[in-house]
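Novice: The structure under discussion is supplied below as structure tokens; questions concerning it will follow.
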Amino acid sequence: MDLKGRTAIVTGSNSGIGLGIATELAKAGADVVINSFTDSAEDHALAARLSRDHGVTVRYLSADMSRGDACRALVERAGGCDILVNNAGIQHVAPVEDFPADKWDQILAINLSSAFHTTAAALPGMRARGWGRIVNIASAHGLTASPFKSAYIAAKHGVVGLSKTVALETAGQGITCNAICPGYVLTPLVEAQIPDQMKVHGMDRDTVIREVMLQRQPSRQFATVEQIGGTVLYLCSPHADQVTGTTISVDGGWTAL
Ligand code: NAD
């Protein structure tokens, strides 16, 4: 896979899945813009390390993806992009009647509206160059539901709908738009929950992962950030030129149930 000469923006990529995707893109030769809203010394050091490790240009650009103007400005500051990965996302868990309205608005803004704004800003350049890949990181919760996650699930279903619409508006123009729907992925955030879950359930690590955390994932194995990154690479490859407007589940069989 050779993405030399391509520029990618990955939103929300100073940790977890976004960082895994940015790393796979850099390994494949793409110049990458990584992003979060923190603008810390660690964020800039991370970009420098990725750049050094993979011999590509990696820039860190801070932007708060809850703000539409900041999303559009991110694409402008990057000088446009060939590959846009909308990954930034947050979660909040509460019954719908107790769900804080400000949390609802924030989740919809970061998990859904940001993809609308970055896509709108990136498309003119992609059209001018006759090539583009838009990959939206949805979730198994873009296809199914669970209780107490109304905003997240509404946003992720919205991301799937947005992906289909953008695919139709760009069909035949060298541009594809798809959504990846991960199941449970082992990120530092998830890793950090394991000791608490072990304590609460009085189980060893393997048992709590298999019986509690991955109860809905038939493989009883986490997906990895490298596997999500690899799926992005596939969507950027010529093999996927006719793959557009669809979802790819990386969920160990969750949505087959
Ligand atoms: P994470 O918390 O490690 O990463 C989230 C990223 O989003 C971080 O880089 C964070 O800095 C960034 N972010 C949050 N708010 C932001 C804001 N306002 N502006 C800019 N950046 C912001 O979580 P993750 O598990 O790597 O999740 C990444 C994506 O994958 C999310 O969209 C999530 O919904 C999705 N996802 C995760 C899983 C899983 O099991 N981990 C499963 C399915 C889907």
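Per our numbering, residue 191 is the first one in the sequence shown, and the count goes up by one each step.
Just so you know, even glycine gets a beta-carbon here, dropped at the ideal spot from N, CA and C.
Note that this is a predicted model, so its numbers are computed, not measured.
Quick one: grab the DSSP three-state call for residue 271.
Specialist: Position 81 of the sequence shown, counted from the first residue, corresponds to residue 271. Coil, per DSSP.
Novice: Please tell me whether residue 380 and residue 391 are closer than 7 Å, where the distance is taken between their beta carbons.
Specialist: Locating residue 380 in the sequence shown gives position 190, counting from the first residue. Locating residue 391 in the sequence shown gives position 201, counting from the first residue. Not closer than 7 Å, so no.
Novice: Are the segment 310 to 321 and the segment 358 to 366 touching, with three or more C-beta to C-beta distances below 8 Å?
Specialist: With the cut-off at 8 Å, the segment 310 to 321 and the segment 358 to 366 touch.
Novice: Tell me, please, which residues DSSP counts as bridged to residue 224.
Specialist: Against the sequence shown, residue 224 aligns to sequence position 34. Answer by DSSP bridge pairing, in chain order: 200, 250.
Novice: In angstroms, rounded to a whole number, what distance separates the CA positions of residue 249 and residue 261?
Specialist: As a working mapping, residue 249 is identified with position 59 in the sequence shown. As a working mapping, residue 261 is identified with position 71 in the sequence shown. Spanning the two alpha carbons is a distance of roughly 16 Å.
Novice: Is the distance from the Cβ of residue 335 to the Cβ of residue 350 below 7 Å?
Specialist: Stepping through the sequence shown from its first residue, residue 335 is reached at position 145. Stepping through the sequence shown from its first residue, residue 350 is reached at position 160. No. Outside cutoff.
Novice: State yes or no: is the C-beta of residue 449 nearer than 6 Å to some heavy atom of the ligand NAD?
Specialist: What is shown of the chain runs 191 to 447, which leaves residue 449 out entirely.
Novice: In chain order, which beta strand (DSSP E) runs of at least 3 residues are fully inside the segment 352 to 403?
Specialist: Taking only runs of at least 3 residues, the beta strand (DSSP E) segments lying wholly in the segment 352 to 403 are 365 to 372.
Novice: Do the segment 337 to 350 and the segment 398 to 417 make contact, defined as three or more Cβ pairs closer than 8 Å?
Specialist: No contact exists between the segment 337 to 350 and the segment 398 to 417.
Novice: To the nearest angstrom, how far is it from the Cα of residue 281 to the Cα of residue 299?
Specialist: Looking up residue 281 in the sequence shown gives position 91. Looking up residue 299 in the sequence shown gives position 109. Spanning the two alpha carbons is a distance of roughly 12 Å.
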